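Worksheet: the structure to be examined is printed underneath.
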Amino acid sequence: MAATDVDVFSSEEKRSLSLGGHVGFDSLPDQLVSKSVTQGFCFNILCVGETGIGKSTLMNTLFNTTFENEEASHYQNGVYLRPRTYDLQESNVHLKLTIVDTVGFGDQINKEESYKPIVDYIDTQFENYLQEELKIKRSLFNYHDTRIHICLYFIAPTGHSLKSLDLVTMKKLDSKVNIIPIIAKADTISKSELHKFKIKIMSELVSNGVQIYQFPTDDEAVSEINSSMNAHLPFAVVGSVEEVKVGNKTVRARQYPWGVVQVENESHCDFVKLREMLIRVNMEDLREQTHARHYELYRRCKLEEMGFKDTDPDSQPFSLQETYEAKRKEFLSDLQRKEEEMRQMFVNKVKETESELKEKERELHDKFEQLKRMHQEEKRKVEEKRRDLEEEMNAFNRRKMAAETLSLSQPLKKDKDKKN
Amino acid sequence: MTTAARYKSRVFKSEDSEDKQYVGFATLPNQVHRKSVKKGFDFTLMVAGESGLGKSTLVNSLFLTDLYKDRKLLNAEERINQTVEITKHTVDIEEKGVKLKLTIVDTPGFGDAVNNNECWKPITDYIDQQFEQYFRDESGLNRKNILDNRVHCCLYFIPPFGHGLRPVDVEFMKALHEKVNIIPLVAKADCLTPNEIKKLKDRVRDEIERFGIKVYQFPECDSDEDEEFKQMDKELKECTPFAVIGSNTVVEARGQRVRGRLYPWGIVEVENQSHCDFVKLRNMLIRSHMHDLKDVTCDVHYENYRAHCIQEMTSKLAQDNRIDSPIPILPLPTPDAETERLIKMKDEELKRMQEMLEKMQQQMHEKDTC
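Right under this line is the structure:
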């Protein structure tokens, strides 16, 4: 049977065979490359830093184009993120670049909530990807991946140390995204001060347990350059899109009365190093790390929250299906219970209202009876009075008649007397 | 309250004794000069702004001394909940026989915490305290040795990394502009090209006007000043806020040893007028307007504080009195006889009407009962 065959196979040691001739599977990487080139690449950068620190200028300088954006004002009420997507092309490689800006970061007087919108944004991108992954009908191959691959944290060149806001924000972000700290506007720090500043920043990051992105040193082709670059973190960069004539070349630079700071001059600033590391050497590794480390961490936390586990109390591996079925049953029974509860409540309420209404009816009835009785009493009294009155009237009439007849007979009597 | 007239030194010509019109009080300025040199001067300067903007470096550069030895700077995690402190450094410096007792009031921790709500309160409280102390001393019996600790000037450092004033800058200046002379400065100006400096200065000036912040205004020139002076004054006014650079180190530039900052791409000279406005600031603060700053503090800010204090005290007194007496006592203007008479008349009328009402009520009551 197929099952036993597989079992036998895995218990054997894998043997390496030598090939008799050229088979041709060494073209596999090339196939992979051509597939990914046709698919196009996608890269998402998050720039975190104070207003005016040079985020947009650095992006323009890095990608050697002008991404349109307006200057932000310092008077935002809170921090909000502004993602912009651009399509770039270099030789035959398409890059869908998303740059996310933090607008209003560091401007408020009370910055305790400043990190929240950033963390929420990163989590939302992870959540969208997770939703797509969990769909029944899903299309991951042409899903526009908006997860942040790299966060460039811009440090203000004070020359002393990190700011308190920087420390707090980086601690919240280090488990969610690859962070590369850079010193912005580095043309305001002299060489000796820069050296001290870099050491201070790195020691503060280490002593507070902030995990920044380390360039990978496991691949021999790039390990040497990566490890030497790791020692230069954080990069001190200067950005500029203006061109200045130096000697007989025109280079991107900043012109001061005392000299010209050339962006691509390695002795002036670390811009070239940043570009090498970020774009030319480690871009793919950044995407991988985001997917393999940060996204997996998010996914695990999220699913654990929902109650999924990899192994049940007896250490037997659960399959997702069973867990799902169990969850579903639980959910349905929950629903039913709630329905019952509501029905009970409804019935109780109806009974209550009914009894109340009955009470009221009885009261009304009693009142009605009472009123009727009163009414009858009154009627009787009135009847009595009427009869009394009638009697009086009759008595009076009789007396009157009697008196009249008496008076009539009296004069006759008198006449009779007179005649006699 | 206007500021006192600015003092200029005049050249005093000696007249020969034949000129009988000459009385001699033209020597008064010299006498004032002599006495003031003997007495010595004092000046209190406050520096405020976030950490890392170069405040200490600038103070050292301004007064060419090392005021801040062995300073301990806090780490980022210690600063998360930091409160603002007020520290004072006093030094006695002397130049050509003129003694100056300089006090620098520093505000470490301002704007460094994550939640900076009302972080300017310790500073306003400190300034009020100095005013109160001076007020009390001034109103006391023995006024010989009053120590003047009032803050004469506050240099506020605006970070050059942004696009203009930030909310915390606006709130701070609005809380302090009626208590102290504020001079806003653009710090670390060596990170801005000349175009960017101009844009930022225009921006800051606009925003200061828009938010109604009253920064220190240079006094107007007298009309009989010479043109050169007027031109300089005009340039000075158009240059605000000054974009400054400070340095603790001396470097070699163009064959001279100057205070500056050494970069791979050039040397920034602190005292080079085309590099930054440091020289303008120093001239304004020390060489020409120091006394004016003191005058404005005494005549305007302190007097406002004093008037406010006195008004509060008298209104409190009036409130207490009102509870005791039935007739309201007018607090400040004395009640004149006319109003008193009218009040008495009205009172009697009221009493009569009340009695009539009572009588009528009684009558009605009697009618009801019988």
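For the record, the sequence lines run as chains E and B. At position 89 of the first sequence (counting the first as 1) the number is 89 in our numbering, and the numbers step up by one without a gap. Take the position in the second sequence, starting the count at 1, then add 420; the result is the number in our numbering. Where is the CB? At the ideal position from N, CA and C, for every residue including glycine. Since the model is a prediction, treat every value here as computed from it, not as a measurement.
I'd like to know whether the C-beta atoms of residue i and residue j end up nearer to each other than 8 Å.
i	j	result
residue 124(E)	residue 48(E)	no
residue 174(E)	residue 496(B)	no
residue 524(B)	residue 487(B)	yes
residue 660(B)	residue 599(B)	no
residue 685(B)	residue 206(E)	no
residue 477(B)	residue 694(B)	no
residue 714(B)	residue 483(B)	no
residue 97(E)	residue 43(E)	yes
residue 251(E)	residue 264(E)	yes
residue 74(E)	residue 711(B)	no
residue 204(E)	residue 161(E)	yes
residue 529(B)	residue 549(B)	no
residue 554(B)	residue 566(B)	yes
residue 106(E)	residue 71(E)	no
residue 210(E)	residue 171(E)	yes
residue 596(B)	residue 606(B)	no
Kindly indicate which three-state DSSP category residue i falls into: helix, strand or coil?
i	result
residue 464(B)	strand
residue 728(B)	helix
residue 366(E)	helix
residue 290(E)	helix
residue 588(B)	helix
residue 406(E)	helix
residue 711(B)	helix
residue 653(B)	helix
residue 599(B)	coil
residue 269(E)	coil
residue 42(E)	strand
residue 485(B)	coil
residue 368(B)	Any answer about residue 368(B) is impossible in this case: the structure gives chain B only from 421 up to 790.
residue 421(B)	Confidence at residue 421(B) is low in this model, with a pLDDT of 37, below 50, so the placement of that residue should be treated as unreliable; the coordinate-derived value is given next. Reduced to three states, the DSSP call for residue 421(B) is coil.
residue 135(E)	coil
residue 19(E)	coil
residue 573(B)	strand
residue 508(B)	strand
residue 197(E)	helix
Return the Cβ separation of residue i and residue j in integer angstroms, given the expectation that the two are a contact with Cβ distance under 8 Å.
i	j	result
residue 664(B)	residue 698(B)	5 Å
residue 468(B)	residue 527(B)	5 Å
residue 238(E)	residue 186(E)	5 Å
residue 307(E)	residue 329(E)	About 12 Å separates the two Cβ atoms, so there is no contact after all.
residue 150(E)	residue 278(E)	7 Å
residue 41(E)	residue 93(E)	7 Å
Please classify residue i: is it buried, with 16 or more other beta-carbons within 10 angstroms of its beta-carbon, or exposed?
i	result
residue 721(B)	buried
residue 287(E)	buried
residue 764(B)	exposed
residue 52(E)	buried
residue 168(E)	buried
residue 646(B)	exposed
residue 315(E)	Here the model assigns residue 315(E) a pLDDT of 46, short of 50, so the residue's position is not dependable and the matter cannot be decided.
residue 403(E)	exposed
residue 689(B)	buried
residue 221(E)	exposed
residue 627(B)	buried
residue 55(E)	buried
residue 232(E)	exposed
residue 592(B)	buried
residue 760(B)	exposed
residue 227(E)	exposed
residue 108(E)	buried
residue 289(E)	buried
residue 421(E)	A question about residue 421(E) goes unanswered here, because the residues of chain E that appear run from 1 up to 420.
If you drop the 5 nearest sequence neighbours on each side, which residues of the same chain put their C-beta closer than 8 Å to that of residue i?
i	result
residue 189(E)	157, 159, 183, 197 and 236
residue 243(E)	250, 251, 252 and 253
residue 516(B)	none
Comparing the CB of residue i with every heavy atom of the ligand ADP, is any distance shorter than 7 Å?
i	result
residue 83(E)	Ligands in the displayed structure: none, and consequently the ligand ADP is not present.
Grab me the residues of residue i's own chain with a C-beta within less than 7 Å of its C-beta, minus the 5 sequence neighbours each way, in chain order.
i	result
residue 551(B)	570, 722 and 725
residue 609(B)	580, 617, 663, 664, 665 and 696
residue 512(B)	519 and 521
residue 122(E)	148, 176 and 177
residue 700(B)	656, 659 and 662
Suppose the cutoff is 6 Å on Cβ atoms and the five residues either side in sequence are ignored; what does the same chain contact list for residue i look like?
i	result
residue 83(E)	98 and 100
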